[in-house]
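The block underneath contains the structure these notes are about, expressed in structure tokens.
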Amino acid sequence: EADIYQTPRYLVIGTGKKITLECSQTMGHDKMYWYQQDPGMELHLIHYSYGVNSTEKGDLSSESTVSRIRTEHFPLTLESARPSHTSQYLCASGTQGLWTGELFFGEGSRLTVL
Amino acid sequence: AQRVTQPEKLLSVFKGAPVELKCNYSYSGSPELFWYVQYSRQRLQLLLRHISRESIKGFTADLNKGETSFHLKKPFAQEEDSAMYYCALSNSGGYQKVTFGTGTKLQVIP
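If you read the sequences in order, they're chains A and B. Letter by letter, the first sequence follows residues 1 to 114 of the working numbering. Letter by letter, the second sequence follows residues 115 to 224 of the working numbering.
Rendered as structure tokens:
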């Protein structure tokens, strides 16, 4: 079934650890996005990609990095996690063409850094 | 730069009352505007898009370019409408960045 998957769903780690949040989609979409959703539920765009080997920073400055080596995969990495990185991270994908703003979201990865 | 503003963090209405969730945007080009909804413990999902001029679950939204607004309306609120609502803007350029507003929590009181 075509969908967008995020792992892990929940992660609790200590300060200084390196973490990677995985995002994969089986919908054949070109565009992929990472949003950070804070406790007040605001959504902030932190990274996006419009195809393989293309990545752009979003509106919110983030210490994370992303890569897009394969169309279906868009992992987000934090080299050294800090408590300020505690948040929910949402991955989304979308298609080029008419409905450019129609995004499909994953279930989210809730990260807690102690 | 593109920006979306939702002035209300929380909107409480009684069941059967009309609902209007406000959204204003700033964008120099021709924007595409959307409303997304997130029900409790569910994924964020598209509710409606301005280009379709559709009514979904009784909700409608009209793009007013003069006032740069895209308010979401429903004549009679239902309890199942309680959720978090986000207004979103997609630019018309090649990069197609999608920016969300800060969200409005709609609480429908029985």
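Here a beta-carbon is modelled for each residue, glycine too, at the ideal position from N, C-alpha and C.
{"Query": "Residue interval of the beta strand (DSSP E) (run including GLY51 (chain A))", "Result": "43-51"}
{"Query": "Cβ pair TYR200 (chain B), GLY215 (chain B) closer than 8 Å", "Result": "yes"}
{"Query": "Given THR71 (chain A) as reference, the closest of A:VAL52, A:ASP59, A:GLN88 once Cα atoms are compared", "Result": "A:VAL52"}
{"Query": "Close Cβ partners of SER126 (chain B) (< 7 Å) along its chain, the five nearest in sequence each way excluded", "Result": "GLN221, ILE223"}
{"Query": "8 Å Cβ cutoff met for SER166 (chain B) and CYS137 (chain B)", "Result": "no"}
{"Query": "Sub-8 Å separation of GLY143 (chain B) and PHE190 (chain B) beta-carbons", "Result": "no"}
{"Query": "Cα-Cα separation, PHE105 (chain A) to LYS219 (chain B)", "Result": "19 Å"}
{"Query": "Within chain A, the residues that LEU135 (chain B) reaches when beta carbons sit closer than 8 Å", "Result": "Here the premise fails: no neighbours, minimum Cβ distance about 14 Å."}
{"Query": "Supposed close pair PRO145 (chain B), LEU203 (chain B) - CB separation, criterion 8 Å", "Result": "5 Å"}
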